[in-house]
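I have placed the structure first, in the form of structure tokens, so that the comments after it can refer back to it.
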Amino acid sequence: MAEAEVETKQEQKAEQQKEESEKPKKASRSKKRPAKKAAKVVTVKSKRKRSIARGVGKPGSGIIRINGMNAMTMKPEEIRHEILRPVYFNEITKGIADGLDISINVKGGGISGRAQASGSAIAKLISEFAGSDTVRKEYMRYDRHLLKDDARRVEPKKFLGPKARARNQTSYR
865 MAEAEVETKQ
875 EQKAEQQKEE
885 SEKPKKASRS
895 KKRPAKKAAK
905 VVTVKSKRKR
915 SIARGVGKPG
925 SGIIRINGMN
935 AMTMKPEEIR
945 HEILRPVYFN
955 EITKGIADGL
965 DISINVKGGG
975 ISGRAQASGS
985 AIAKLISEFA
995 GSDTVRKEYM
1005 RYDRHLLKDD
1015 ARRVEPKKFL
1025 GPKARARNQT
1035 SYR
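So for the sequence shown, the numbering used here puts the first residue at 865; every next one is plus one.
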């Protein structure tokens, strides 16, 4: 009886090996896989006064985040309008922005400078993803500072005075 069990087990192993040899083999890891088409990711930088905005744009669902917060819910309303001005510029830019996920990190400066730097970074991302030169030309005609950084900076304070150029008033009597 023991011999019969051994023979049946050997037969079962032989059948399993035969079935495994008939199955199509999986591709080995050494073979090259077709490369996935990488999504276009664009990074931009924008400056305004003392503020620096760094933006990353990639194809997505149209979410705009400023320092991790949704830009659509930012307060006060005037700052939100300043940030989203390049998006609602015209129907073409609105359509492009609806297909992008934009994430912006802003540091330095005050609230107004941060808003203007963020808006400029959004405009640069939209013009980059537009694929043609028409959006860039429209932005340049509307407001040049949306695409070109403002080089003006505050002059540093000098000694013997309260500000950069102002001096203390002198009295002779």
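Note that CB positions come from ideal geometry on N, CA and C, so glycine has one too.
- [ ] Per DSSP, which residues does Met-933 bridge with? Please list them.
- [x] Ile-930
Task: Nearest-angstrom Cβ-Cβ length linking Arg-918 and Asn-954, presumed shorter than 8 Å - done: With 8 Å as the limit, Arg-918 and Asn-954 do not qualify as a contact, their Cβ atoms being about 26 Å apart.
Task: Enclosing beta strand (DSSP E) for Gly-919 [first to last residue] - done: 915–923
- [ ] Could you check what DSSP says for Leu-1011 in three-state terms: helix, strand or coil?
- [x] coil
Task: Rounded Cβ spacing between Ala-903 and Lys-922 (contact assumed at less than 8 Å) - done: Confirmed, about 6 Å.
Open item on the list: Please report the straight-line C-alpha distance between Glu-946 and Leu-964, rounded to a whole angstrom.
Closed with: Straight-line Cα distance between these residues: approximately 19 Å.
Open item on the list: Quick check on Gln-980: buried or exposed, where buried means 16 or more other Cβ atoms within 10 Å of its Cβ?
Closed with: buried
Open item on the list: Rounding to the nearest angstrom, what Cα-Cα distance links Met-936 and Leu-948 in this structure?
Closed with: 8 Å
Task: C-beta atoms of Ser-915 and Arg-978 nearer than 8 Å - done: yes
Task: Sequence-distant residues of its chain with Cβ nearer than 8 Å to Gly-926 (five each side left out) - done: Ala-961, Asp-962, Gly-963, Leu-964, Asp-965
TODO: Check whether the Cβ atoms of Val-920 and Ser-967 sit closer than 8 Å, and answer yes or no.
DONE: Yes, the Cβ-Cβ distance between Val-920 and Ser-967 is below 8 Å.
Open item on the list: Whole angstroms are fine: how far does the CA of Gln-1033 sit from the CA of Phe-1023?
Closed with: 14 Å
- [ ] Apply the 10 Å Cβ neighbour rule to Ile-990 and answer buried if 16 or more other Cβ atoms are within range, or exposed otherwise.
- [x] buried
Open item on the list: Below 8 Å on the Cβ atoms is my contact criterion, and I expect Ile-986 with Val-951 to pass it. Report the Cβ-Cβ distance as a whole number of Å.
Closed with: That pair is a contact at about 6 Å.
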